[in-house]
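Engineer: Heads up: the sequence shown begins at 32 in the UniProt record's numbering, then just goes up one per residue. For glycine and all other residues, C-beta sits at the position ideal for the given N, C-alpha and C.
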Amino acid sequence: GRRVRIHHLRELKERGEPWPMLTAYDMYTAQLFDEAGIPVLLVGDSASNNVYGYESSLPVTVDEMVPLVRAVTRSVKRALVVADLPFGSYQLSPEQALATSVRMMKEGRAHAVKLEGGRAFAPHVRAITQAGVPVMGHIGFTPQSEHNLGGYRIQGRGAAAGDELVADAIALQEAGAFSVVMEMVPAEAAKRVTHELEIPTIGIGAGPDCDAQVLVWQDMMGLRQGKAPRFVKRYADLAGVMTGAVEQFAAEVRGRQFPAPEHVFH
Ligand code: KIV
Ligand code: NA
Numbered sequence: 032g033r034r035v036r037i038h039h040l041r042e043l044k045e046r047g048e049p050w051p052m053l054t055a056y057d058m059y060t061a062q063l064f065d066e067a068g069i070p071v072l073l074v075g076d077s078a079s080n081n082v083y084g085y086e087s088s089l090p091v092t093v094d095e096m097v098p099l100v101r102a103v104t105r106s107v108k109r110a111l112v113v114a115d116l117p118f119g120s121y122q123l124s125p126e127q128a129l130a131t132s133v134r135m136m137k138e139g140r141a142h143a144v145k146l147e148g149g150r151a152f153a154p155h156v157r158a159i160t161q162a163g164v165p166v167m168g169h170i171g172f173t174p175q176s177e178h179n180l181g182g183y184r185i186q187g188r189g190a191a192a193g194d195e196l197v198a199d200a201i202a203l204q205e206a207g208a209f210s211v212v213m214e215m216v217p218a219e220a221a222k223r224v225t226h227e228l229e230i231p232t233i234g235i236g237a238g239p240d241c242d243a244q245v246l247v248w249q250d251m252m253g254l255r256q257g258k259a260p261r262f263v264k265r266y267a268d269l270a271g272v273m274t275g276a277v278e279q280f281a282a283e284v285r286g287r288q289f290p291a292p293e294h295v296f297h
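1. Which parts of the region 91–156 are runs of the alpha helix (DSSP H), unbroken and 4 residues or longer, counting only runs that do not cross its ends?
2. Distance, Cα to Cα, residue 281 vs residue 269?
3. Would you grab the beta carbon distance between residue 93 and residue 120 for me? Rounded to a whole angstrom, and I think it's under 8 Å.
4. From residue 197 to residue 223, what does the alpha carbon distance come to, in whole angstroms?
5. Please identify the residue among 193, 100, 208, 278 whose C-alpha is closest to the C-alpha of residue 218.
6. Within this structure, are the beta carbons of residue 21 and residue 138 separated by less than 8 Å?
7. Using the rule of at least 16 other Cβ atoms within 10 Å of the residue's Cβ for burial, across every protein chain shown, is residue 117 buried or exposed?
8. Using the rule of at least 16 other Cβ atoms within 10 Å of the residue's Cβ for burial, across every protein chain shown, is residue 124 buried or exposed?
9. For residue 231, does the count of other Cβ atoms within 10 angstroms reach 16, so buried, or fall short, so exposed?
10. Would the region 148–155 and the region 197–206 be scored as touching if the rule is three or more Cβ pairs under 8 Å?
11. Check this for me: beta carbons of residue 112 and residue 72, under 8 Å apart or not?
12. What I want to know is whether the C-beta of residue 76 ends up closer than 7 Å to one or more non-hydrogen atoms of ligand 1.
13. Go ahead and pull the three-state DSSP assignment for residue 239.
14. Taking DSSP as the reference, what is the three-state secondary structure of residue 257?
15. Please classify residue 126 as buried or exposed, where buried requires at least 16 other C-beta atoms within 10 Å of its C-beta.
16. Check whether the Cβ atoms of residue 107 and residue 65 sit closer than 8 Å, and answer yes or no.
17. Can you tell which of 115, 189, 200 has the C-alpha that lies nearest to the C-alpha of residue 170?
18. Rounded to the nearest angstrom, what separates residue 312 and residue 173 at their Cα positions?
19. Take residue 49 and list the residues in its own chain whose beta-carbon comes closer than 8 Å to its own, dropping the five residues that flank it on each side.
20. Could you tell me the alpha carbon to alpha carbon distance between residue 54 and residue 114, rounded to whole angstroms?
21. Nearest by alpha-carbon distance to residue 86: which of 177, 135, 60 is it?
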């Protein structure tokens, strides 16, 4: 294991080899995904919903994110770990964006940071990258702007909106971003952006032509229950597996089948 570096991701794009990215928020998932060869792990602000149980991605704070970032970076040998900047921790100014990124790097030992937004955030991206911190952009549907975007809706539909998406992506690249996530955009627009950019695009609900694909691990493992967006593929039924195990344990305790003789000290 050599560490994954940002230039390796650019080389994969040049070779036309798509790569997988997953979220991780703790030791076991980080170890498992790292050892399975996932090159990039994102400590997403989706921790707001998927770790802390908030109703959206907005409430989670930097103080809540840092220990999760630290747990993930402690647990990987190879993967590049990206720390998401939560809502309110970078929008105020490029200086605030840099200060929060410094916390993610020093306290969380992150290898890169991610923030949401297009052209308007080019100065923020530039301030962070000039300080030596790699930045991943995030455009299309940006969950921190959920209320302004009118809920979870596809973005970049139509020629004009497609042009806006391309302009946003190019502005982020020119500001020094090393990659850009595109969330919930038409496959045609994502393909256009991917061809226009030298840096890799990472899709989530953005079709098959992105340079990489990302999913939230609790969604793709079927741990989160209920209706998932159509871009989520469930690769496992963790909720089913865990519920079965819990029910069996509870039944065996109640039925005095657990502990059995082999679990007992004398
Ligand atoms: O927070 C998150 O999990 C994300 C990914 C969905 C890209 O931003
Ligand atoms: Na996020």
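Structural biologist: With the given structure in hand:
1. 93–106, 125–137
2. Straight-line Cα distance between these residues: approximately 18 Å.
3. 5 Å
4. 7 Å
5. 193
6. The requested residue 21 is not part of the displayed model; the chain covers only 32 to 297.
7. buried
8. exposed
9. buried
10. Three or more Cβ pairs closer than 8 Å define a contact, and the region 148–155 meets that threshold against the region 197–206.
11. yes
12. yes
13. coil
14. coil
15. By the 16-neighbour rule on beta-carbons within 10 angstroms, residue 126 is exposed.
16. yes
17. 200
18. The chain is shown only over 32 to 297; residue 312 falls outside these bounds and no answer can be derived.
19. 43, 241, 242, 243, 244
20. 10 Å
21. 177
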